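First to last, the protein sequences are chains F and H.
All you need for the numbering used here is the position in the first sequence, starting with 1, plus 836.
All you need for the numbering used here is the position in the second sequence, starting with 1, plus 836.
The beta carbon of each residue, even a glycine, is placed where N, CA and C say it ideally should be.
Bear in mind that the values here come from a model prediction, so they are computed numbers and not experimental data.
Number of protein chains: 2
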Amino acid sequence: MTTPHKLALIGFGTVGQGLAEILLAKGDALAARYGVQFQVVAISDLLKGSLYSPDGLDLAVLLELVRRTGKLEDYASLWPSQALSSGWDSLRTIRESNADTVVEISWTDVQTGQPAIDHVKAAFESGKNAVLTNKGPVALAYRELAELAAAHNVQFRFEGTVMSGTPTIRLGQRVLAGCTISEIKGILNGTTNYILTQMESGQSYADALAEAQRLGYAEADPTADVEGWDAAGKAVTLANVLMDGELRVADVARTGISGLTLADVEAAKAAGQRWKLIARVWAEADGDASQRAPGRIVRASVRPTRLPLSHPLAGVSGAVNACTYTTDLLGDVTLVGPGAGRMETGYAVLGDLLEIVRNT
Amino acid sequence: MTTPHKLALIGFGTVGQGLAEILLAKGDALAARYGVQFQVVAISDLLKGSLYSPDGLDLAVLLELVRRTGKLEDYASLWPSQALSSGWDSLRTIRESNADTVVEISWTDVQTGQPAIDHVKAAFESGKNAVLTNKGPVALAYRELAELAAAHNVQFRFEGTVMSGTPTIRLGQRVLAGCTISEIKGILNGTTNYILTQMESGQSYADALAEAQRLGYAEADPTADVEGWDAAGKAVTLANVLMDGELRVADVARTGISGLTLADVEAAKAAGQRWKLIARVWAEADGDASQRAPGRIVRASVRPTRLPLSHPLAGVSGAVNACTYTTDLLGDVTLVGPGAGRMETGYAVLGDLLEIVRNT
């Protein structure tokens, strides 16, 4: 017996298409194993248009439309029999569709977190869960959004905001339940880790950056990655979500890698060490670091750090990400996995959806 | 508001005392954070005696008794006011106490899995959940026990059987839900990893083994560790629990490390490699490896393996354990953490208990 769980996708770019492919390929297996059938009932995308069908849209048709015309509203011509509405904007889709969960994957300004923040609020206010992969809203407004979700008795999930589908948040929040986390150290930005790995094999910073841009790891303006802003946003998320911090991005002591030279890299190598851009979050405690309480301060930094080769994070090469949690009962636990990617981030959404279903 | 959750501890050795210390130190924090109050209502230990008090025993008194006299039945003299029964054997404690969950941590024969298997069965048959840290019963009888638990609508948890409290089972079973695991490679035995790490710095196998014995990592008869039996049992657990295998320990192609010489270690080093005792589980698939189905075969091996230094498991040194899951949607995800220890295994039980409470 399977229960349907209805989804509205706000945005249908790379992540949304990855999710649709996963649901298409695995829908039957998920139904058999977890007893749930995910149904996409609505999509609203600024460029591709929007569709709503309360009984569910055909994922294969949607993916085919993106390949053919890029216009979702041609759906009716391929699949004419359904009760369809089209042209709804994102807020109407969120408020008026019959979705159980809103998957917020729209193009969002990382500085303001908009429009994703407004989308998530509208979801909660209309009694719907929200899953997010945009890191801005969580870095900027985690506490406010979490409280709004709790007030409306719905769930707020955002695994994809740190290390894509690698379950960094769920490991810290759920699987290490009962442990107190006193420190987190992570390689949270794949672009800079790729550049540093290239520099180890003798490439200059400028050449390694150009290579990263050529491979699509780095953007034309690489500032967000190389100056540590991206890692700082993720550090804030880990601090506030897993350690009950109250940090803003501006509170993170931040140094990027653009000042590192080949000579620095060689000097570390000669000393049996390796440079990594380490995001670090720690509690300066006079109390239990797992509790939000007066007197305990959570701080964060992002900076290039020389690690001995024996350190678990030193061996993490290329675009891979990793995160070490220092806990009271288990000591150090380290999770290593992908930090980006279409299917990987699509999976982040699926993992969150399965968690929502389990907790509903 | 907190809900009580009552526990019967079958065995009160290292792990049980570790758990009692954790509950004593963290009881209030757990109540505040998770809304549950764990109460030890019964203990039955072959050597220390047994106690039952339906409203709960005082953990501080129990720990003090172990330090002072080693006899639990002196409890009444220290804490005379309670309604106490004593002298119940393990099966009576399991069947007749008012515990919600039985924590099976008795001394158990790893070859037969007894008496733990009978304890767990008795728990399920009397409608109680069971948490286990003995690896024998899960390696020998996972399927039978899991089916019995399901038939009685109770939970069966055993995080501590692989990598102690490091959440190897929960990561694969729950956090990677939705992914299909096609292969698992692990360093699952800390003793042999310690010996191999010592050999890298020039110690002979015999000297490194003697050192491991002196430090308490290896037993007087080290066969179970150095010949790979311990790792093979854990491989069977991972195969059957996470990949729906049907393996027995005898099915594991197994080679230990006792034949490795310093010359072998040096040869690997010269080639930029490192020996690790790798437990490997893989699906020879003609289907979805996450589904138990005819035609799909899960196999396992344990053998010393030369890894390039860049491999995520190559950098795992000393008594630390690690496990790499190869998945369809995330590629490789690696978890590194402690593989043994009093508090670490005590935490394995706590993590399982919190999971039981969440799923009740």
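Outcome for residue i when other beta-carbon atoms lying within 10 angstroms are tallied against a minimum of 16
i, result
"alanine 1107 of chain H", "exposed"
"leucine 1189 of chain F", "buried"
"aspartate 1066 of chain F", "buried"
"leucine 1074 of chain H", "buried"
"asparagine 1025 of chain H", "buried"
"glutamate 1102 of chain H", "exposed"
"methionine 999 of chain H", "buried"
"methionine 837 of chain F", "exposed"
"asparagine 989 of chain F", "exposed"
"arginine 1010 of chain H", "buried"
"leucine 1096 of chain F", "buried"
"glutamate 1216 of chain H", "Because residue 1216 of chain H is not part of the residues shown, which for chain H are 837 to 1196, the question remains open."
"lysine 842 of chain F", "buried"
"alanine 986 of chain F", "exposed"
"glycine 1154 of chain F", "exposed"
"leucine 1051 of chain F", "exposed"
"serine 942 of chain F", "buried"
"arginine 993 of chain F", "buried"
"threonine 1173 of chain H", "Position check: residue 1173 of chain H holds glycine in this sequence, whereas threonine was assumed. Classification of glycine 1173 of chain H: buried, given that the 10 Å Cβ count is 16 or more."
"alanine 1048 of chain H", "buried"
"asparagine 1076 of chain H", "buried"
"proline 1003 of chain F", "buried"
"serine 913 of chain H", "exposed"
Span of the alpha helix (DSSP H), counted from its first residue to its last, around residue i
i, result
"alanine 844 of chain F", "Unbroken run through alanine 844 of chain F is the beta strand (DSSP E), 839-846; no alpha helix (DSSP H)."
"valine 946 of chain F", "From DSSP, valine 946 of chain F is part of no alpha helix (DSSP H); its letter is neither H nor E."
"glutamine 1049 of chain F", "1041-1050"
"lysine 884 of chain H", "No alpha helix (DSSP H) holds lysine 884 of chain H; DSSP gives it neither H nor E."
"tyrosine 1161 of chain H", "That residue, tyrosine 1161 of chain H, is in no alpha helix (DSSP H); its beta strand (DSSP E) goes 1156-1163."
"arginine 928 of chain F", "926-932"
"valine 998 of chain H", "It is not in any alpha helix (DSSP H) - valine 998 of chain H carries neither H nor E in the DSSP assignment."
"asparagine 965 of chain H", "Counting along the chain, asparagine 965 of chain H falls outside any alpha helix (DSSP H), though it belongs to the beta strand (DSSP E) covering 965-968."
"isoleucine 1093 of chain F", "Careful: isoleucine 1093 of chain F lies outside any alpha helix (DSSP H) and carries neither H nor E."
Chain-ordered neighbours of residue i on chain F, where CB pairs are closer than 7 Å
i, result
"cysteine 1159 of chain H", "Here the premise fails: no neighbours, minimum Cβ distance about 11 Å."
"isoleucine 858 of chain H", "Leu1165"
"proline 1148 of chain H", "Gly1151, Val1172"
Closer than 6 Å: residue i CB and nearest the ligand COA heavy atom
i, result
"threonine 838 of chain H", "In terms of ligand content, the structure shown is empty, and the ligand COA therefore cannot be addressed."
Within chain H, the residues that residue i reaches when beta carbons sit closer than 8 Å
i, result
"methionine 837 of chain F", "The contacting residues do not exist; methionine 837 of chain F stays about 16 Å from chain H at best."
"valine 1072 of chain F", "Under the 8 Å cutoff, chain H gives no residues; its nearest Cβ is about 22 Å from valine 1072 of chain F."
"glycine 885 of chain F", "Result: empty, since nearest Cβ-Cβ is about 28 Å, beyond 8 Å."
"valine 990 of chain F", "Under the 8 Å cutoff, chain H gives no residues; its nearest Cβ is about 18 Å from valine 990 of chain F."
"valine 902 of chain F", "Within 8 Å Cβ-Cβ: nothing; valine 902 of chain F doesn't reach chain H, min ~20 Å."
"leucine 1190 of chain F", "Ala1013, Gly1014"
Boundaries (first-last residue) of the beta strand (DSSP E) holding residue i
i, result
"proline 1174 of chain H", "1167-1174"
"asparagine 1195 of chain H", "Taken as a continuous stretch (DSSP letters only), asparagine 1195 of chain H belongs to no beta strand (DSSP E), as it is neither H nor E."
"asparagine 1076 of chain F", "Not the beta strand (DSSP E): asparagine 1076 of chain F falls in the alpha helix (DSSP H), residues 1065-1078."
"arginine 1139 of chain F", "1133-1144"
"valine 938 of chain F", "937-940"
"alanine 1115 of chain F", "1109-1120"
"lysine 862 of chain F", "Per DSSP, lysine 862 of chain F belongs to no beta strand (DSSP E); it is in the alpha helix (DSSP H), 850-870."
"isoleucine 1017 of chain H", "1017-1023"
Proximal residues of chain F, C-beta to C-beta of residue i below 9 Å
i, result
"aspartate 1080 of chain H", "Residues of chain F passing the Cβ test: none, with the nearest at roughly 10 Å."
"glutamine 1115 of chain H", "With the sequence shown as reference, residue 1115 of chain H is identified as alanine, and glutamine is not the correct amino acid for it. Simply none; closest approach about 18 Å."
"aspartate 1168 of chain H", "Val1156, Val1172, Gly1173, Pro1174"
Is it true that the segment 1111-1118 of chain H meets the segment 1060-1068 of chain H, where meeting means three or more beta-carbon pairs spaced less than 8 Å apart?
-> yes
Count the C-beta pairs between the segment 897-911 of chain F and the segment 957-968 of chain F that are closer than 8 Å, then say yes if the count reaches three, no if not.
-> no
Note down, in chain order, all residues in the segment 1173-1188 of chain H with a beta-carbon under 7 Å from any beta-carbon belonging to chain F.
-> Gly1173, Pro1174, Met1179, Glu1180, Tyr1183, Leu1186, Gly1187
Give, in chain order, every residue of the segment 995-1007 of chain F whose Cβ lies closer than 7 Å to some Cβ of chain H.
-> Gly1001, Thr1002, Pro1003, Arg1006, Leu1007
In the segment 852-878 of chain H, which residues sit with their C-beta less than 8 Å from some C-beta in chain F, listed in chain order?
-> Ile858, Lys862, Ala865, Leu866, Ala868, Arg869, Tyr870
Could you tell me whether the segment 1027-1044 of chain F touches the segment 857-867 of chain H, where touching means 3 or more Cβ pairs closer than 8 Å?
-> no
Contact residues within the segment 1012-1023 of chain F, judged by C-beta distance below 9 Å to chain H = Leu1012, Ala1013, Gly1014, Cys1015, Thr1016
Are the segment 921-933 of chain F and the segment 875-884 of chain F touching by the rule of at least three beta carbon pairs closer than 8 Å?
-> yes
Evaluate the contact criterion for the segment 1068-1087 of chain H versus the segment 1142-1154 of chain H: three or more CB pairs, one atom per stretch, below 8 Å.
-> no
Counting Cβ pairs, one atom from each stretch, are 3 or more of them under 8 Å apart for the segment 965-983 of chain H and the segment 934-952 of chain H?
-> yes
Any chance the segment 1177-1187 of chain F sits against the segment 839-858 of chain F, with 3 or more Cβ pairs inside 8 Å?
-> yes
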